[in-house]
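In what follows, a structure is listed as structure tokens, so that the remarks can point back to it.
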Amino acid sequence: MPINEIRKNVKANQETTFTTKSSSLDSNMPTRRKIVKYLRLILLIGFIINFLSFISIAIISILSFQSSNFSLSTAIYKYGNAYLGYDEMELAEFLVLLTRKEKFIQRYYHSKNELNSSLSYAFQIISNENSSWIPTHEWFQIENHVMELVKSGNYSQAYSVSTSPEHKLADLRFIQFLDSVLAQLFQISETKEAEYMKYTTIDLVVVILCLGIAIPIVLLIFIGVIKLDRDSKKRLEKARAVSVIHSISDPFLRPKFRKCVENDELVCFEFLENVQLFKEKKRSIHSTIQSILDEMKKEMIPNDEEDDASSLNGISPLTLSPDLFLQIKSEDDQIKAIDIYNRFLNPKENQKHIKYKNHEKILEEINHQSNQDLLSTVFDQVQIEIAKKLIKSHELFSKSQSFSTQDIEDQLLSYRFEYLSIFKPEKRNSLFTSK
Numbered sequence: 003m004p005i006n007e008i009r010k011n012v013k014a015n016q017e018t019t020f021t022t023k024s025s026s027l028d029s030n031m032p033t034r035r036k037i038v039k040y041l042r043l044i045l046l047i048g049f050i051i052n053f054l055s056f057i058s059i060a061i062i063s064i065l066s067f068q069s070s071n072f073s074l075s076t077a078i079y080k081y082g083n084a085y086l087g088y089d090e091m092e093l094a095e096f097l098v099l100l101t102r103k104e105k106f107i108q109r110y111y112h113s114k115n116e117l118n119s120s121l122s123y124a125f126q127i128i129s130n131e132n133s134s135w136i137p138t139h140e141w142f143q144i145e146n147h148v149m150e151l152v153k154s155g156n157y158s159q160a161y162s163v164s165t166s167p168e169h170k171l172a173d174l175r176f177i178q179f180l181d182s183v184l185a186q187l188f189q190i191s192e193t194k195e196a197e198y199m200k201y202t203t204i205d206l207v208v209v210i211l212c213l214g215i216a217i218p219i220v221l222l223i224f225i226g227v228i229k230l231d232r233d234s235k236k237r238l239e240k241a242r243a244v245s246v247i248h249s250i251s252d253p254f255l256r257p258k259f260r261k262c263v264e265n266d267e268l269v270c271f272e273f274l275e276n277v278q279l280f281k282e283k284k285r286s287i288h289s290t291i292q293s294i295l296d297e298m299k300k301e302m303i304p305n306d307e308e309d310d311a312s313s314l315n316g317i318s319p320l321t322l323s324p325d326l327f328l329q330i331k332s333e334d335d336q337i338k339a340i341d342i343y344n345r346f347l348n349p350k351e352n353q354k355h356i357k358y359k360n361h362e363k364i365l366e367e368i369n370h371q372s373n374q375d376l377l378s379t380v381f382d383q384v385q386i387e388i389a390k391k392l393i394k395s396h397e398l399f400s401k402s403q404s405f406s407t408q409d410i411e412d413q414l415l416s417y418r419f420e421y422l423s424i425f426k427p428e429k430r431n432s433l434f435t436s437k
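Its first residue numbered 3, the sequence shown is counted upward by one per residue in the working numbering.
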């Protein structure tokens, strides 16, 4: 049907109008893909680094635990018990020789067992091989010989061996041996402490390194996600703004949309409407108007009313006369663009102007535009920005829009008169008079 053809013409007009805008919406797609690709690469690198860092921390923690497993306090406690056992052995031996009582013999062997167990623990820390060397020390041999003489009842000979120079020399050497054990315990303690500090330092360095890598990665991901979210919102908002302009450019949707616009937003609607008419005037509208007139002849006038049909046919040559189109083309587009600027964007000309921070650049582009065909793109950016202010109204309009065939037929007349309004008043009046 001709109505479908009109729809196709209007749709083609809209697609031509917003080809640049649609391409600008898609121009950011490679950038978005690069950002997503880089974010994935950063996530992979961060995961690998953190995984290796966790393994390193686990290994260092195990080594650090092994180093800290040495307890100096326990070793010193055992060493003190060994020294106490030595003193009690000497005391028990002296009391046995002095009193000849058996209870001191039992005390001697109890102290000897305490000395052996304490020194065994100390030598487990120092060296496992030396633990079997303790009973073979010459001091132990002399002490065992004295106690054997006591058990046999030979106290005088036992006393002689206990007070002999050999026993005193062995006693002195055993004390030096105990002092060397203590020195080795302190040396091992210092070595273990140094190892523990080394592993702790390495652990701390690894943790700081992980944080130094993880925090920037998290920040980069956070910034990238925010950027993607912001870009997505901008793209969505721009797409909605383009949808607003599409609705305004559609002659069937425009009046319906206008009813949904609030009073304080009407100036924005009027600006977009004037800009759209300004752009459409610069294109050929002959085929669109011809289709409308054909539709009017077929849909609005009965076939049997030939007089009225001939009357309408009389309008068509006047409406589509070449002189009128030449007159439209010869109008100064630059003056019309300046008029739109002064009516809606110029704060000096209109107190209720639309606030747009780059309005002066638009005026400069209009004044310095040598190619008249490029004037159609002067208002592209401001058209998008102002259309964003009507997004909420357009959403309400989109939810409520419902058109019948009668609505479309009613809009045919308003669409025709709207385009005829760009003529000079006298031409328009003569046109309506001829009708």
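Quick reminder that beta carbons are idealized off the backbone N, C-alpha and C, glycines included. What you are looking at is a predicted structure, and each value in this text was computed from that prediction instead of being measured.
Minimum Cα-Cα distance from Asn369 among the listed residues His139, Ile337, Lys357 corresponds to Ile337.
Around the beta-carbon of Ile144, 16 or more other beta-carbon atoms lie within 10 Å, marking it buried. In the displayed model, His370 falls within coil according to three-state DSSP, outside both helix and strand. Excluding five sequence positions before and after Val208, the CB atoms of its chain that fall closer than 8 Å to its own CB belong to Ser55, Ser58, Ile59, Ile62, given in chain order. When Cβ pairs closer than 8 Å are counted between the two stretches, the segment 92–103 is seen to touch the segment 151–168, the count reaching three or more.
Going by DSSP, Gly214 is part of the alpha helix (DSSP H) stretching over 167–251. Distance from the CA atom of Ser120 to the CA atom of Thr76, rounded to whole angstroms, is 10 Å. Under the three-state reduction of DSSP, Lys258 is assigned to helix. Contact between Arg175 and Glu140 holds, since their C-beta atoms are separated by about 7 Å, short of 8 Å. Per the C-alpha coordinates, the member of Leu392, Glu192, Lys258, Arg232 positioned closest to Ile356 is Leu392. Taking 8 Å as the upper bound for CB-CB distance, Gly48 and Ile215 are in contact here, some 7 Å apart. Secondary structure note for Leu121: its alpha helix (DSSP H) is the uninterrupted segment 104–128. If you draw a straight line from the Cα of Asn115 to the Cα of Leu211, it is about 53 Å long. Annotated as distal: Lys354 and Val227, with beta-carbon spacing of 9 Å or more. A contact between stretches requires three or more CB pairs, one per stretch, nearer than 8 Å, and the segment 164–172 fails this requirement with the segment 183–197.
The three-state reading of DSSP puts Phe399 in helix, counting H, G and I together. Glu272 carries a helical assignment under DSSP once its states are collapsed to helix, strand and coil. Taking the Cβ atoms as the reference, Ile219 lies roughly 45 Å from Ile127, outside the contact range of under 8 Å.
Remark: fewer than three beta-carbon pairs, one from each stretch, lie closer than 8 Å, so the segment 378–390 and the segment 221–238 are not flagged as touching.
If you look at Gln143, you'll find it in the alpha helix (DSSP H) that goes 140–153. A direct Cα-Cα distance of roughly 26 Å separates Met91 from Phe188. For Ala185 against Ala124, the beta-carbon gap comes to about 11 Å, at or over 8 Å, which does not count as contact. Contact between Val152 and Ile107 is confirmed by a C-beta separation of about 7 Å, below the 8 Å threshold. In terms of Cβ geometry, Ile250 and Glu275 form a close pair [threshold 9 Å].
Distance between Thr101 and Tyr81, taken at the CA atoms: about 30 Å. In this structure, Phe280 lies near Ser378, with their beta-carbon atoms less than 9 Å apart. The three-state secondary structure of Ile59, taken from DSSP, is helix. DSSP places Lys281 within a helical segment (H, G or I) once states are collapsed to three. A Cβ-Cβ distance of about 22 Å is found for the pair Val277 and Gln403, leaving them out of contact under the 8 Å criterion. Separation of Phe142 and Tyr79 (C-alpha to C-alpha, rounded to the nearest whole angstrom) is 22 Å. In the same chain as Ile44, and ignoring 5 residues on each side of it, the C-beta atoms closer than 6 Å to its own belong to Ile219, Leu222, in chain order.
If you compare the alpha carbons of Ile342, Leu398, Glu397 with that of Val380, the shortest gap goes to Ile342.
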